[in-house]
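Quick note on numbering: the sequence shown equals residues 748 to 1079 in the working numbering.
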Amino acid sequence: MVHGLVTSPLRPLVAVTGGAGFIGSHTVDLLVASGCRVVVLDDFSTGKRANLARWADRERFGFGGSEPSVEVLTVDISHGLFSALAPITAQYGRVERIVHLAAQVSVIHSIANPMTDERINYGGTLQVLEYARASAVRKVVMASSAAVYGDVSEFPVDEQAVCHPVSPYGMHKLASEHALHYYSQVHHVPTTALRFFNVYGPRQDPSSPYSGVISIFADRANAGRDLTIFGDGEQTRDFVYVGDVVRAVVGAVLTDGADRALMNIGTGSEITVKELAQTIVELTGGKSTIRHAEARAGEILRSVARVERAERLLGWKSQIGLRDGLAQTLRG
Ligand SMILES: NC(=O)c1ccc[n+]([C@@H]2O[C@H](COP(=O)([O-])OP(=O)(O)OC[C@H]3O[C@@H](n4cnc5c(N)ncnc54)[C@H](O)[C@@H]3O)[C@@H](O)[C@H]2O)c1
748 MVHGLVTSPL RPLVAVTGGA GFIGSHTVDL LVASGCRVVV LDDFSTGKRA NLARWADRER
808 FGFGGSEPSV EVLTVDISHG LFSALAPITA QYGRVERIVH LAAQVSVIHS IANPMTDERI
868 NYGGTLQVLE YARASAVRKV VMASSAAVYG DVSEFPVDEQ AVCHPVSPYG MHKLASEHAL
928 HYYSQVHHVP TTALRFFNVY GPRQDPSSPY SGVISIFADR ANAGRDLTIF GDGEQTRDFV
988 YVGDVVRAVV GAVLTDGADR ALMNIGTGSE ITVKELAQTI VELTGGKSTI RHAEARAGEI
1048 LRSVARVERA ERLLGWKSQI GLRDGLAQTL RG
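See the structure below:
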């Protein structure tokens, strides 16, 4: 249980950038369940309206009624938030808190297109922070990533490790963390950065070859197709269930503490990709064959989080074990 989860009788208005995405839509669900009104800002580049379908009935769920409510705006956040949010705040009052999840999410794409990655991932964060500064937002929580660490040699990896990102994606997440710190220190915008490890769960899109490995394996195993491991499969990852991740996000954004904090969000346990594939094959009735392809250049061989800081600062700890999380993911 996250400490300090506030369910204000005034139903705080929370903006969620990237709210139509995988983690974003689960965040919206938990915010609404926690008594918030939510405005989603998304350009639908990878997000889907179907992820928010349960909130689409505006007649019933429109702001101002007694029911929980979600408003969806189609916006490219790298162009700024002011004009998009103006009609909402004029009608419903100010945005009190922001969860910033919108991002160009492919590491491979960022290597091929570093400028686009900078515009969306670093520029988008600056746009969110400028809005927060001008509008006296009470808390900004941003999705950072384990990619900020790059190739480290000590495990589990600690938040104090020296970061040497090995992709523009990791670089711009790290730059965004610095921006959060600057806006907090100089402009008094309370901020928290959460470094997600490998997040998985229902609604993760398996359609791109660079999607999360669990979504790809789950999709293929459910269809009885082969699973391909790049390299020998001995590389490890710290897979954290999306339901756990959004408890951390919502706890952090609704709590007026942990300002300027930055923390790992993982389980503290690692599993090899080979073991992961074997578990998924077993859970789906053993129909798929595991194959190996050439290792991907630059792939990180080991990743596991030290998790004590999130427990100390947010009272957060992952609760869903990998087998349970996989079973829920395979059910869809
Ligand atoms: N999934 C993971 O394992 C993982 C790990 C570390 C960090 N993260 C971070 O978590 C956040 C959410 O990722 P996700 O896995 O849910 O991916 P996702 O692709 O499902 O979500 C990203 C969302 O941002 C939206 N978006 C992209 N560019 C935008 C723009 N310019 N303006 C407005 N909206 C835009 C997309 O349409 C999508 O809805 C991202 O910031 C990502 O970098 C994810």
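We put the beta carbon where it would ideally sit given N, CA and C, even for glycine.
Is it buried or exposed for residue i, if we count other Cβ within 10 angstroms and need 16 for buried?
i, result
"valine 822", "buried"
"methionine 889", "buried"
"tyrosine 957", "exposed"
"glycine 1068", "exposed"
"alanine 940", "buried"
"glycine 1045", "exposed"
"lysine 1034", "exposed"
"valine 933", "exposed"
"serine 830", "exposed"
"valine 819", "buried"
"alanine 833", "exposed"
"alanine 1008", "buried"
"glutamate 1041", "exposed"
"glycine 971", "exposed"
"alanine 1024", "buried"
"threonine 1036", "exposed"
"methionine 748", "Summary for methionine 748: the model assigns pLDDT 33, below 50, so the residue's position carries little reliability; its value from the coordinates is reported in the next sentence. Result: exposed."
"leucine 757", "exposed"
"glycine 948", "buried"
"alanine 879", "buried"
"valine 852", "buried"
Among the residues of its own chain, which have a CB less than 7 Å from the CB of residue i, if the five just before and after it don't count?
i, result
"glutamate 806", "Bear in mind that a pLDDT of 49 at glutamate 806, under 50, signals an unreliable position, so the number given afterwards is only what the model happens to contain. If we look at glutamate 806 and ignore the five residues flanking it on each side, it has no Cβ neighbours."
"alanine 1057", "Ala995, Met1010, Asn1011, Ile1012, Trp1063"
"glycine 765", "Gly771, Asp789, Gly794, Leu848, Ala849, Ala850"
"alanine 1005", "Thr939, Ala999, Leu1060, Leu1061"
"tyrosine 869", "His919, Ala922, Ser923"
"leucine 873", "Ala926"
"leucine 1048", "Gln982"
"glutamine 1066", "Asp991"
"arginine 866", "Ser825"
"threonine 1076", "Tyr947, Gly948, Pro949, Ile961, Ala965"
"isoleucine 963", "Pro953"
So does residue i have its beta carbon nearer than 7 Å to some heavy atom of ligand 1?
i, result
"isoleucine 855", "no"
"glutamine 851", "yes"
"threonine 1076", "no"
"phenylalanine 964", "no"
"asparagine 945", "yes"
"serine 931", "no"
"alanine 999", "no"
"glycine 948", "no"
"valine 887", "no"
"leucine 921", "no"
"leucine 848", "yes"
"valine 1054", "no"
"valine 842", "no"
"phenylalanine 769", "yes"
"threonine 793", "yes"
"isoleucine 824", "yes"
"serine 830", "no"
"serine 892", "yes"
"aspartate 790", "yes"
"glycine 959", "yes"
"isoleucine 867", "yes"
"glycine 871", "yes"
"threonine 764", "yes"
"aspartate 952", "yes"
For residue i, list the residues DSSP reports as bridge partners.
i, result
"phenylalanine 902", "DSSP lists no partner for phenylalanine 902."
"leucine 760", "Arg784"
"aspartate 789", "Thr821"
"leucine 1001", "Partner(s): none; leucine 1001 has no beta bridge."
"isoleucine 1012", "Phe943"
"glycine 766", "Partner(s): none; glycine 766 has no beta bridge."
"histidine 911", "Gly897"
"alanine 1040", "Phe977"
For residue i, which residues in the same chain have their Cβ closer than 8 Å to its Cβ, ignoring the five residues on either side in sequence?
i, result
"arginine 1053", "Pro903, Val904, Asp905, Glu906, Asn1011, Gly1015"
"isoleucine 976", "Val1020, Lys1021, Ala1024, Ile1037, Arg1038, His1039, Ala1040"
Can you name, in chain order, every residue of its own chain whose Cβ lies under 6 Å from the Cβ of residue i, other than the five neighbours on each side?
i, result
"phenylalanine 769", "Arg950, Gln951"
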